[in-house]
Amino acid sequence: MNSKQLLYLFLSFLTLTMGYAFLRYTYNVTDSLPFTQEIVLIILGTVATIFITSLLLNKQTTVEVEKEQNIKFLELKTKTYEKLLDLLEEMSLVHQFSDAKLIHLSFITHRLALVASPEVLEEYQIFLSVMQKISKDNTFKGDTVVLHKALSALTLTIRDDLLGHSIHTQYSKIQLEEMIKKNSRQSSEIRND
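Its first residue numbered 1061, the sequence shown is counted upward by one per residue in the numbering used here.
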């Protein structure tokens, strides 16, 4: 809990305690007057209902905002993966792919660094190694079996990531940075060969 939440919790507890003490005092003072105790109990019930409702609505709003953020992130992740697969499809359909396609691949590599899970980044690194070996002549001609084998492993990892089945092995920040840098280097080395 952060300090703001602790402050709200403390103020809520203080308000509830003081309100209870005041209503208890009012209840005992109005003992001799007719129907006043019932009115005090109605007020107490109303205050308790409002308090509980506000707590539940606050929690519901927080959950809805978090859900919307997760949906937007999943959409961004899906679009990035689709762009990667579309580009690879375009590259394998042409007789000889251009340097522009390789530059596009480099930029998708950077997009992947933003959204992909560590498992996808690791599998993508393996895929880039395979791609670097087979694309020296700017074509995948004769190497489609090797390409599709590496691509199928990458696709399965992407699928697991989108479905939330990732293992989420503990990667340190340094390991993630190294994976991202290596992916970036490898995607640019494909262009230079």
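We put the beta carbon where it would ideally sit given N, CA and C, even for glycine.
These numbers come from a predicted model, not from an experiment.
In the structure shown, the three-state DSSP call for tyrosine 1068 is helix.
Counting only the Cα atoms, tyrosine 1068 lies some 40 Å from lysine 1139. Measuring C-alpha to C-alpha distances from valine 1206 to each of Ser1189, Ser1232, Val1180 and Ala1160 identifies Ser1189 as the nearest. By the neighbour-count criterion, in which 16 or more other beta carbons inside 10 Å mark a residue as buried, asparagine 1243 falls on the buried side. The DSSP-derived three-state label of tyrosine 1231 is coil. Here tyrosine 1184 is buried: its Cβ has 16 or more other Cβ atoms, across all protein chains shown, within 10 Å. Using a Cβ distance threshold of 8 Å, isoleucine 1168 and lysine 1193 do not count as a contacting pair.
The alpha-carbon of lysine 1127 is positioned some 10 Å away from that of phenylalanine 1133. Contact between the region 1206-1226 and the region 1168-1180 is present: 3 or more CB-CB pairs across the two stretches fall below 8 Å.
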